[in-house]
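Take any residue in the sequence shown, count from 1 to its spot, add 9: that is its number in our numbering. Built from N, CA and C at the ideal position, the CB exists for glycine as well. Worksheet: the structure to be examined is printed underneath.
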Amino acid sequence: EYGHEEQVERELRKGFNTVNIDTWLLVIPQIIARIHATQPVVREMIYEVLCRIGKAHPQALIYPLTVATNKSNIPARKAASQNIVENMKQHSENLVRQAQLVSSELIRIAILWSEQWYEALEEASRLYFGEHNVEGMLNVLQPLHEMTNSPQTKQELAFQQAFGGDLRDAQACCNAYKSSRNQPDLNQAWDLYYH
Numbered sequence: 010e011y012g013h014e015e016q017v018e019r020e021l022r023k024g025f026n027t028v029n030i031d032t033w034l035l036v037i038p039q040i041i042a043r044i045h046a047t048q049p050v051v052r053e054m055i056y057e058v059l060c061r062i063g064k065a066h067p068q069a070l071i072y073p074l075t076v077a078t079n080k081s082n083i084p085a086r087k088a089a090s091q092n093i094v095e096n097m098k099q100h101s102e103n104l105v106r107q108a109q110l111v112s113s114e115l116i117r118i119a120i121l122w123s124e125q126w127y128e129a130l131e132e133a134s135r136l137y138f139g140e141h142n143v144e145g146m147l148n149v150l151q152p153l154h155e156m157t158n159s160p161q162t163k164q165e166l167a168f169q170q171a172f173g174g175d176l177r178d179a180q181a182c183c184n185a186y187k188s189s190r191n192q193p194d195l196n197q198a199w200d201l202y203y204h
């Protein structure tokens, strides 16, 4: 709340620079939870601390950041996490790449496409019908459309065969909406999603 005030900022920066970087390892999840602070000064300080942690202990930071990047429903947290991951690539590219691969594979084998679509449609429905947030809805659904286009297992192939046609048609309606901003395109997409 007061991090943007000059005196508080000065003391925080001084404290951040004197505290041993290892101290922060115990509170990485709490720091990441505040990564999208509304005050630019606070956000910058959190970014700097996480970048320092990432440089000294990339293995301790990469998994929580990968989760925040992939699973956060808060766009600002997702973007801030992605920025730190990009920063980490400068000194730990191989680790970042491997962690992203492991994370995506764990998600792929742990959560079936039907479960992912169910959760995404619930979230997209809440955003669209509850908050009237069309962009948020489209952002939630786009990664699933991309995922569904490349089945790699028998279960994924069966899902694509069962639902791929309707999902492709719904995606075409969403893409048409992006171009035209024509509301009936979204109505048609939702008819297909709930078909």
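| Check | Outcome |
| --- | --- |
| If you reduce the DSSP assignment to three classes, tell me which class His45 lands in. | coil |
| Could you give the DSSP three-state label for Ile120: helix, strand or coil? | coil |
| Given this structure, state the Cα-to-Cα distance separating Arg117 from Val143, to the nearest angstrom. | 27 Å |
| Ends of the alpha helix (DSSP H) at Asp200? | 192-202 |
| Can the beta-carbon of Ile93 be found less than 8 Å from the beta-carbon of Tyr127? | no |
| Please identify the residue among Tyr186, Arg19, Met156 whose C-alpha is closest to the C-alpha of Met54. | Arg19 |
| Take Leu147 as the anchor and find which of Ala89, Ile120, Leu195 has the nearest alpha-carbon. | Leu195 |
| CB-CB under 8 Å to Tyr72, same chain, minus the five flanking residues each way: which ones, in chain order? | Ala108, Ser112 |
| Can you tell me which of Cys182, Gly63, Phe138 puts its alpha carbon nearest to the alpha carbon of Ile30? | Gly63 |
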